[in-house]
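Numbering (this note's numbering), first residue to last: 1 to 204.
We put the CB at the ideal spot given by N, CA and C, even for glycine.
I have placed the structure first, in the form of structure tokens, so that the comments after it can refer back to it.
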Amino acid sequence: MADHPIPNFDSIPDFGDAAPAEKPKRKGISKKTRFEVFKRDGFTCQYCGAHPPAVILHVDHINPVALGGKNHMDNYVTACEPCNLGKSATSLSQVPQSLQDKAAEVKERELQIKGYQRVMDGKRSRIDAEAERVRAVYEIYNNGYTLNASAMVSVRKFIEEIGVHAVEGAMERAYTRGGSRGGEFKYFCGICWNIIKGAGNGTR
Ligand SMILES: [Zn+2]
Numbered sequence: 001m002a003d004h005p006i007p008n009f010d011s012i013p014d015f016g017d018a019a020p021a022e023k024p025k026r027k028g029i030s031k032k033t034r035f036e037v038f039k040r041d042g043f044t045c046q047y048c049g050a051h052p053p054a055v056i057l058h059v060d061h062i063n064p065v066a067l068g069g070k071n072h073m074d075n076y077v078t079a080c081e082p083c084n085l086g087k088s089a090t091s092l093s094q095v096p097q098s099l100q101d102k103a104a105e106v107k108e109r110e111l112q113i114k115g116y117q118r119v120m121d122g123k124r125s126r127i128d129a130e131a132e133r134v135r136a137v138y139e140i141y142n143n144g145y146t147l148n149a150s151a152m153v154s155v156r157k158f159i160e161e162i163g164v165h166a167v168e169g170a171m172e173r174a175y176t177r178g179g180s181r182g183g184e185f186k187y188f189c190g191i192c193w194n195i196i197k198g199a200g201n202g203t204r
């Protein structure tokens with residue numbers, strides 16, 4: 001999988017550093033750590049799935065510091081502003097922002113959007129490559145034929161849901177032990193949907 005480099009986040013001032021001295025300060029999570037958490041979480045709020053540009057992301061403590069939570073990656077989670085502020089009584093956004101803070105937030109927002117787009121670009125090219133692998137399996141069993149564009153849309157969706165190995169397996173099974181002749185692709189889709197539903201009943 002292509003690992004896209006995240007832009008250099010050290011070129012913008014930290015929110016914390018930009019705040020005038022009299023302002024209440026949140027104990028700083030460094031910008032570098034913050035973006036490491038975002039990257040790990042795919043620049044997506046882990047509570048509700050929101051992502052830039054619709055929201056600005058925060059780093060939330062899973063176990064609050066007040067309750068003994070540690071300042072450590074394992075205790076950090078990406079949360080959008082509404083989810084994060086919903087959890088804490090005092091919010092940073094209730095404090096009037098200085099122009100400097102505002103500028104830093106605009107810059108932060110841009111970097112978050114860029115980071116999210118890179119995650120999506122990386123995911124798209126990974127899924128494209130994986131879909132080609134599934135197509136190759138199909139072609140083995142369908143001499144001279146290939147999957148059409150709309151079939152490939154389904155293949156990509158299945159890969160996104162259950163991963164390429166399960167999808168390759170389903171394709172293999174459909175064309176070796178599959179349904180009636182001509183109904184194999186439908187059978188393949190059926191296998192994938194069953195796995196998706198099974199996953200939904202179980203762990204998700
Ligand atoms: Zn959220």
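Residue span of the beta strand (DSSP E) that contains residue i, given as start and end
i: Y76; result: 76-80
i: D60; result: 57-61
Proximity test, residue i beta-carbon vs ligand 1 heavy atom, cut-off 7 Å
i: C205; result: The displayed coordinates of the chain run from 1 to 204. Any statement about residue 205 would go beyond what the structure contains.
i: A79; result: yes
i: P82; result: yes
i: C192; result: no
i: C45; result: yes
For residue i, three-class secondary structure by DSSP
i: K25; result: In this predicted model, K25 has a pLDDT of only 44, less than 50, meaning its place in the structure is not dependable; the value taken from the coordinates is given anyway. Coil, per DSSP.
i: Y187; result: helix
i: M120; result: helix
i: H51; result: coil
i: Q112; result: helix
i: D41; result: coil
i: I196; result: helix
i: Q97; result: coil
i: H165; result: helix
i: G86; result: helix
i: K107; result: helix
i: R173; result: helix
i: K102; result: helix
i: K32; result: helix
i: P20; result: Low confidence applies here, because P20 scores a pLDDT of 43, under 50, leaving its location unreliable and the question unanswered by this model.
Within-8 Å CB hit, residue i to chain C
i: Q100; result: No chain C is part of this structure, which consists of one protein chain only.
What residue ranges within the region 122-165 form continuous beta strand (DSSP E) runs of no fewer than 3 residues, ordered along the chain?
-> If you keep only unbroken beta strand (DSSP E) runs of at least 3 residues inside the region 122-165, you get nothing at all.
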